[in-house]
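Using our numbering, read the sequence shown as starting at 50 and increasing by one per residue.
See below for the structure under consideration.
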Amino acid sequence: MNTDLTVGKPWKVLLKYILPLLGSAVFQQLYTLADTVIAGKFAGRSALAAIGASTAIVNILMAIALGANAGCAVLVSRCFGAKENAKVKSSVYTGLIAFGAFSVLLMTAGLASCAPILRALKTPSNVLDASVVYLNIYYMGLPFLILYNLGTGIFSALGDSRTPFYFLVFSSVTNVILDYFMVRPWGIAGVAWATFIAQGAACLLTLFAVFLRLKKIKTEEKPKIFSGALLKMLLLLALPVALQNSFVSVGNLIVQVKINGYGDAVMAGFTAGSKLMIFCTTCFCTCANGLTNFVSQNYGAHEFTRIKRGFYAELVISTLLVAAFFAAVFSFAEPLVKLFLSEEEDTAKTLEAGVQFVRIVSPFFFAVNVKVSADAAVRGSGGNAGFMVSTFTDLLLRVAFAFILTPSMGFAGVCWAWPVGWTLSTFVALAYYFRRPCLKKSYIAASGR
50 MNTDLTVGKP WKVLLKYILP LLGSAVFQQL YTLADTVIAG KFAGRSALAA
100 IGASTAIVNI LMAIALGANA GCAVLVSRCF GAKENAKVKS SVYTGLIAFG
150 AFSVLLMTAG LASCAPILRA LKTPSNVLDA SVVYLNIYYM GLPFLILYNL
200 GTGIFSALGD SRTPFYFLVF SSVTNVILDY FMVRPWGIAG VAWATFIAQG
250 AACLLTLFAV FLRLKKIKTE EKPKIFSGAL LKMLLLLALP VALQNSFVSV
300 GNLIVQVKIN GYGDAVMAGF TAGSKLMIFC TTCFCTCANG LTNFVSQNYG
350 AHEFTRIKRG FYAELVISTL LVAAFFAAVF SFAEPLVKLF LSEEEDTAKT
400 LEAGVQFVRI VSPFFFAVNV KVSADAAVRG SGGNAGFMVS TFTDLLLRVA
450 FAFILTPSMG FAGVCWAWPV GWTLSTFVAL AYYFRRPCLK KSYIAASGR
């Protein structure tokens, strides 16, 4: 079912729309958590460190997938909000063709450069081979990852956040089961292949459902299978998100070099702690992505008053979520990090690093939530420049302070780099939000909406 986000009370519409998206985000993160927990428990600290060494590179690939998702979602949302059904279909076809071809090229380049990049990151020799194996298999599943995210973005743009959720539940459960049975005989390679199979299943099911849904959308004119004009618009919308997340991931890649220098015990602890952080922040970002589609549809329909109401409604919803996550991870940091650790190894140093990271960054979840919400409203209303500036501020500060603080504070300096970047970039994001023309009272009054 396609949902019109331009009618109804904003908070009710958003809550109903965001909840399935949130469920999808939780299950999607189970892929990563299952990989990491099972690898750490059954393959040991070196496997956990190997996943950590690969994570920064994996996040760059995920950034591209999320860029495809966001770009296609915003474009389709605008067309859907403006009731231009032929353009809705053409946007979907164009996105699938363009990003499908790009994902194959990126996969090929990744397989060729995997080992040299890991060496350049100063990955310790005792985890290098395992990291190469894990990352190569991940690269092979890259087309599945990108096209799956494109498909979920299309459903979200049409106001349907439930359909991809059902497919994701199936694939997440499949991933966990396969992880458990494949890690014992094949080690970290088994973990990677389990993710490959689960992502492939989610991708194929989602794309099949996309084409079924498109058949139900009636058009007066025949939609173009590929449109250069729509591709240009799609890239203009997708590139800022992809570049934003990629630059952030590149920043994390640079920081990872510092972490690798502390050895595999700290690497493993940081991996466990960062997985918990990513689980939480992904949920906040998912709420913000729902807001982006809400803003995009209402922007296309010129319902500017609803945009402001939607922003504050989403902020209340996501802040309640932040409070729950903060209370949980801060209070139970030690048992949560222990979930990732083998009982057969000396894990004291690993546990200390993981708990330290979680307890330093989690109080600042409130700041990053405000940032991503403001970014979402700005991006949905066409303000890509402000969105990118706030993100680059976060990135530059995070990298700079990781290098400034580590000589005197050690690993704790790396941990504190996240709160510094988040807090200062939040002020930048809010400044751009309040400067958006379509959100000013004078503009709304002039438009009468």
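Glycine included, C-beta positions come from ideal geometry on N, C-alpha and C.
Remember, predicted model here, so these are calculated numbers, not experimental data.
Report task. Report the residue from Phe245, Thr330, Thr354, Pro486 whose alpha carbon sits nearest the alpha carbon of Thr368. Result -> Closest in alpha carbon position to Thr368, among Phe245, Thr330, Thr354, Pro486, is Thr330.
Query raised in the report: Which residues in the same chain have their Cβ closer than 7 Å to the Cβ of Ser439, if we skip the five residues on either side of it in sequence?
Result: Once the five neighbours on either side are set aside, the close Cβ partners of Ser439 are Lys420, Asp424, Ser474, Val477, Ala478, Tyr481.
Query raised in the report: Alpha carbon to alpha carbon, how far is Tyr492 from Leu279?
Result: Reliability fails at Tyr492, whose pLDDT of 45 lies under 50, so the model's placement of it is uncertain and no value is given.
**Report entry** Candidates Lys171, Ser345, Trp467, of which the one nearest Phe413 by Cα
**Finding:** If you compare the alpha carbons of Lys171, Ser345, Trp467 with that of Phe413, the shortest gap goes to Trp467.
Query raised in the report: Alpha carbon to alpha carbon, how far is Val63 from Ala362?
Result: The amino acid occupying residue 63 in the given sequence is Leu; Val does not appear at that position. Straight-line Cα distance between these residues: approximately 8 Å.
Report task. Please say whether Ala250 and Phe204 have beta carbons closer to each other than 9 Å? Result -> Taking 9 Å as the Cβ cut-off, Phe204 and Ala250 do not qualify as a contacting pair.
Query raised in the report: Whose CA, out of Lys264, Val107, Gly359, Leu71, lies closest to the CA of Ser139?
Result: Lys264 is the residue among Lys264, Val107, Gly359, Leu71 whose C-alpha sits nearest the C-alpha of Ser139.
Report task. Within the region 312–371, note down every full alpha helix (DSSP H) run reaching 4 residues or more, in order along the chain. Result -> Assignment of alpha helix (DSSP H) within the region 312–371, counting only whole runs of 4 or more residues, yields 313–349 in chain order.
Query raised in the report: Whose C-beta lies closer than 6 Å to the C-beta of Pro173 among residues of the same chain, with five residues either side of it excluded?
Result: Around Pro173: Asp313.
Requested in this report: May I have the straight-line CA-CA distance separating Ala74 from Thr335, to the nearest angstrom?
Outcome: Between Ala74 and Thr335, the alpha-carbon positions lie close to 7 Å from each other.
Requested in this report: Determine the DSSP secondary structure at Phe129, reduced to helix, strand or coil.
Outcome: Phe129 falls in the helix class under three-state DSSP.
Query raised in the report: Looking only at its own chain, which residues have a Cβ that is under 6 Å from the Cβ of Ala147, when we skip the five neighbours before and after it?
Result: Only Leu280 meet the Cβ criterion.
Query raised in the report: So is Arg447 buried or exposed if we call it buried at 16+ other beta carbons inside 10 Å?
Result: Flag for Arg447 reads buried.
Query raised in the report: Which residue from Tyr183, Arg233, Lys136, Pro213 puts its Cα closest to that of Gly159?
Result: Distances from the CA of Gly159 to each of Tyr183, Arg233, Lys136, Pro213 were compared; the closest alpha carbon is that of Tyr183.
Query raised in the report: What do you reckon, are the CB atoms on Asn134 and Leu286 nearer than 9 Å?
Result: Not a contact, by the Cβ cut-off of 9 Å.
Query raised in the report: Secondary structure at Leu54, three-state DSSP: helix, strand or coil?
Result: Residue state, collapsed to three classes: coil.
Query raised in the report: Can at least three beta-carbon pairs, one atom from the region 336–345 and one from the region 115–126, be found at a separation below 8 Å?
Result: Touching, per the Cβ criterion.
Query raised in the report: Since Pro192 and Val153 are thought to touch, with beta carbons under 8 Å apart, how far apart are those beta carbons, to the nearest angstrom?
Result: The Cβ separation is near 6 Å, so the contact holds.
**Report entry** Local conformation of Asp228 per DSSP, three classes
**Finding:** Helix at Asp228.
Query raised in the report: Taking buried to mean at least 16 other C-beta atoms within 10 Å of its own C-beta, is Met156 buried or exposed?
Result: Within 10 angstroms of the beta-carbon of Met156 lie 16 or more other beta-carbons, which makes it buried.
Report task. Label Arg127 either buried or exposed according to how many other C-beta atoms from any shown protein chain fall within 10 Å of its C-beta, with 16 as the threshold for buried. Result -> Arg127 should be labelled buried.
Query raised in the report: For Pro192, which of helix, strand or coil comes out of DSSP?
Result: Pro192: helix per DSSP, three-state reduction.
Query raised in the report: If you drop the 5 nearest sequence neighbours on each side, which residues of the same chain put their C-beta closer than 8 Å to that of Asn309?
Result: Correct list, in chain order: Ala102, Leu170, Lys171, Thr172, Pro173, Met316.
Requested in this report: Could you work out which residue in Leu110, Ile409, Ala449, Phe415 is closest to Ala461 when comparing CA atoms only?
Outcome: Of the candidates Leu110, Ile409, Ala449, Phe415, Ile409 places its Cα closest to the Cα of Ala461.
Query raised in the report: What is the rounded straight-line gap between the Cα of Glu383 and the Cα of Leu400?
Result: Cα to Cα, Glu383 sits roughly 7 Å from Leu400.
Query raised in the report: How about Ile226: is its Cβ closer than 8 Å to a heavy atom in the ligand ATP?
Result: Absent from the structure shown: the ligand ATP. Ligands present: none.
Report task. Report back the beta-carbon spacing between Ile186 and Ala112 to the nearest angstrom; my notes put them in contact at under 8 Å. Result -> The pair is not a contact, with the Cβ atoms about 19 Å apart (cut-off 8 Å).
Query raised in the report: If we ignore side chains and look at the alpha-carbon of each, how far apart do Leu254 and Lys357 end up?
Result: Roughly 36 Å between the two C-alpha positions.
Query raised in the report: Rounded C-beta distance between Val386 and Ala321? I'm assuming under 8 Å.
Result: The Cβ separation is near 5 Å, so the contact holds.
Query raised in the report: What span of residues does the alpha helix (DSSP H) with Ile166 cover, start to end?
Result: Residues 134–169.
Report task. Just the C-alpha distance for Ser323 and Phe353, rounded to the nearest angstrom, thanks. Result -> Approximately 38 Å between the Cα atoms of the pair.
Report task. Counting only the same chain and skipping the five closest in sequence on each side, list residues whose C-beta sits under 6 Å from that of Ala337. Result -> Around Ala337: Val421, Ser422, Ala425.
Query - Own chain, CB closer than 6 Å to Gly116, minus 5 neighbours either side, in chain order - result: Cβ-Cβ distances below 6 Å link Gly116 to Ala287, Val290, Ala291 in the same chain, with the five nearest sequence neighbours on each side left out; the list follows chain order.
Query - Distance between Leu207 and Gly403 (C-alpha atoms, nearest Å) - result: Approximately 40 Å between the Cα atoms of the pair.
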